[in-house]
Amino acid sequence: MKKIKTFFGILFATAFIFSTGCSDLDLEPEGSVFTEKQKEELTKIAPERLQAEVNGLYSGLIKYASIYDWYGGTRHYDYGYASAGMMFDSSGQDMPSENTGYNWYRNSMRYTDRTAPSEITYFLWNLFYSHMKTANDILFTIPAGPTDPLLKAYRGQALASRAFDYLHLVQIYQFTYKGHESAPAVPIVTEETTPEQASNNPRATVQQVYDLIIKDLDEAIDLLAGFSRPGKEMINQNVAYGLRARANLNMEKWAEAAADAEKAMAGFTPYSIADVSKPSFNDIGASSWIWGSDVSETNDIVQSGILNFPSMICSLTGNGYSPGYAGRYINQDLWESIPSTDVRKGWWIDEEKFSPYIDYTWTTTYNGEEYGVIDWFGWNGPYLNVKFGPYQDQYNNPTNACDLPLMRVEEMILIQAEALAMSGNTTGGKQALENFVKTYRNPSYVCPTSDSKGIQDEVWMQRRIELWGEGFSLFDVKRLKKPIQRSGINYPAPFSYNLPAEAPILLWLIPEDEVNANEAIDEATNNPVITVPSV
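Heads up: the sequence shown begins at 4 in the working numbering, then just goes up one per residue.
Given below as structure tokens:
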């Protein structure tokens, strides 16, 4: 028997279940089924009326206090998609951080958030399903087959956005595609799902979710042909190709992944060695960014002061948790594996708390006394990151209006290299990898292997370094079926344990209120509750 819904549960379920209809346009027909007359009326909509809905696809990724203000207080990780990426990275093996009450990602690092009532699993579920609702509203309003160029662009962006959401949800709540095609993933909600259907909506299989992802992206790519976006915060055809490259990589459709990555990177160039010989990754205008969140000083997450990504990860901000309270480090073994000739070695301070990319003559004043950067780093241990620069590249800047990378050309190059090697073109894969690293990161680099599996592992190593802090590490571990290895390095004692590949605790649980609201999901069909590991 289902439990009685709490007030919170009713609100939460409403955000998920009522995923059809665009209320701002007052065009939802009774029963959520379009008549031919209504379809005809929709084709006459002035496209500019939909602009606010489309803008919501992007503002929804940098959403402030989306859910926890219902409790009468805000959780400081409640600032949108970048926070989800912090949860994923904290759950892996490459981002140690302090075991303190100021570390808002301590529960993800410890795996104590893998319960149905967990606030974090509510946050993740709400983040992606709420974002999906915006996409579904647009898709409900613009049926398939629009001819107006702007309506085509709007529908294409909504389809790609929904694919983006499902591509995350399927990896949060289940293991990788290959070998788990029939495993339960998450409920599918589209623009055609009625409230009645949503209230009795079982978990779709991994295969079914990926089928929808590919279907959405296929159509999005067609619709976005020729669309010239006004800013890189918007999805264009490059982004849609990049999302399909990610999906095909997960599905081990190697040739398709390589081809999509090639198309996604068209017109973009990686950060140069000079570009990343300083704290960077904070400006959407960078030549390597295919897609990102364009954050302004007036955005709520910036106005909040510390409820934002720079607060949590930038070691040079003047207003935040990092460093000092909750610094973000790199796995010590991983850092030691980076050659001294690789420009990325300096993205983290060394054993002497030194990086060649930091201006140690910089000072700040507190209570009339000057402090240098080295004193500030004195609060933290070695291997603290300085990868992410402060706003406007100004040390101690209290304004955290840094832009957020969502897709970079470097990721596409690494997808292409892995996919080429795994499709049988080991020479092409090795060459793509060597060309990137030698040209843009380490002039002395030589790929140490020539077989497909060896190249795949080498690409994974490069992804761990290049994409550190950008939300990819946990999904890579799951996709490649790698163990979590934390013991003997710079993890705090309570977190310093190893886990086997595909350890069940790597899966979050579907939230309790969704279990209560959805008749097709119960405790037996949820992911299992696993005892938290111990050292």
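By construction, the Cβ of each residue, glycine as well, lies at the ideal position given by its N, Cα and C atoms. Bear in mind that the values here come from a model prediction, so they are computed numbers and not experimental data.
Let me know if residue i comes out buried or exposed under the rule of 16 or more other beta-carbons within 10 Å of its beta-carbon.
i, result
"glutamate 526", "exposed"
"threonine 364", "exposed"
"cysteine 25", "Its pLDDT being 38, under 50, cysteine 25 is placed unreliably in this model, and the coordinates cannot settle the point."
"threonine 144", "buried"
"asparagine 529", "buried"
"arginine 52", "exposed"
"glutamate 372", "exposed"
"lysine 155", "buried"
"tryptophan 382", "exposed"
"alanine 161", "buried"
What does the alpha-carbon distance come out to for the pair residue i and residue j?
i, j, result
"alanine 163", "methionine 464", "29 Å"
"serine 490", "glycine 330", "19 Å"
"proline 233", "glycine 295", "13 Å"
"asparagine 403", "glutamate 522", "43 Å"
"leucine 127", "tyrosine 448", "39 Å"
"phenylalanine 91", "phenylalanine 380", "25 Å"
"valine 532", "threonine 118", "6 Å"
"asparagine 582", "leucine 227", "Since the first residue of the chain shown is 4 and the last is 538, residue 582 is not available in this structure."
"serine 325", "glycine 384", "12 Å"
"serine 318", "serine 280", "16 Å"
"glutamate 31", "phenylalanine 271", "Because the pLDDT of glutamate 31 is 38, which lies under 50, any placement of that residue in the model is unreliable, and the number read from its coordinates should be weighed accordingly. In a straight line, the C-alpha of glutamate 31 is about 40 Å away from that of phenylalanine 271."
"threonine 46", "leucine 153", "Residue placement at threonine 46 cannot be trusted, given a pLDDT of 48 that sits under 50; the coordinates are not used to answer."
"serine 476", "tryptophan 338", "15 Å"
"cysteine 405", "isoleucine 175", "26 Å"
"tyrosine 398", "isoleucine 316", "14 Å"
"methionine 135", "arginine 113", "29 Å"
"tyrosine 332", "serine 100", "6 Å"
"alanine 68", "alanine 250", "30 Å"
Between which two residues does the alpha helix (DSSP H) carrying residue i extend?
i, result
"proline 514", "Where proline 514 is concerned, there is no enclosing alpha helix (DSSP H), given that its DSSP letter is neither H nor E."
"threonine 124", "122–144"
"glycine 431", "429–443"
"asparagine 110", "109–113"
"methionine 315", "312–316"
"tyrosine 169", "152–175"
"tyrosine 244", "240–253"
"methionine 90", "84–93"
"glutamate 461", "455–469"
"proline 198", "198–201"
"phenylalanine 478", "476–482"
"valine 532", "Segment: none, valine 532 is in no alpha helix (DSSP H) and carries neither H nor E."
Can you tell me whether residue i is helix, strand or coil according to DSSP?
i, result
"tyrosine 340", "The displayed chain sequence assigns serine, not tyrosine, to residue 340. Serine 340 falls in the helix class under three-state DSSP."
"serine 492", "One detail in the question is off: residue 492 reads as isoleucine in this sequence, not serine. If DSSP states are grouped into helix, strand and coil, isoleucine 492 belongs with coil."
"glutamate 222", "helix"
"tryptophan 365", "coil"
"phenylalanine 391", "strand"
"glutamate 373", "strand"
"tryptophan 382", "coil"
"proline 187", "strand"
"arginine 331", "strand"
"serine 62", "helix"
"leucine 502", "strand"
Would you call the CB atoms of residue i and residue j closer than 7 Å?
i, j, result
"glutamine 323", "isoleucine 309", "Note on residue identity: the sequence assigns glycine, not glutamine, to residue 323. Yes, the pair counts as a contact, with Cβ atoms nearer than the cut-off."
"methionine 425", "alanine 267", "no"
"tyrosine 244", "aspartate 214", "no"
"phenylalanine 131", "leucine 170", "no"
"leucine 60", "threonine 137", "yes"
"valine 376", "isoleucine 361", "yes"
"leucine 470", "alanine 261", "no"
"isoleucine 191", "alanine 207", "yes"
"serine 455", "threonine 430", "no"
"isoleucine 334", "aspartate 97", "What sits at residue 334 in the sequence shown is asparagine, not isoleucine. Closer than 7 Å, so yes."
"lysine 433", "isoleucine 468", "no"
"valine 407", "valine 462", "First, the residue type needs correcting, since residue 407 is leucine and not valine in the sequence shown. Taking 7 Å as the Cβ cut-off, leucine 407 and valine 462 do not qualify as a contacting pair."
"aspartate 286", "arginine 444", "no"
For the beta strand (DSSP E) containing residue i, name the first residue and the last one.
i, result
"glycine 295", "292–296"
"arginine 411", "407–411"
Any beta carbon from chain D within less than 7 Å of residue i's own beta carbon?
i, result
"isoleucine 492", "Looking for chain D here will not work: only one protein chain is present."
Residue i: beta carbon under 6 Å from a heavy atom of the ligand PLP?
i, result
"tyrosine 363", "Summarising the ligand content, the structure contains no ligands, and the ligand PLP is consequently not present."
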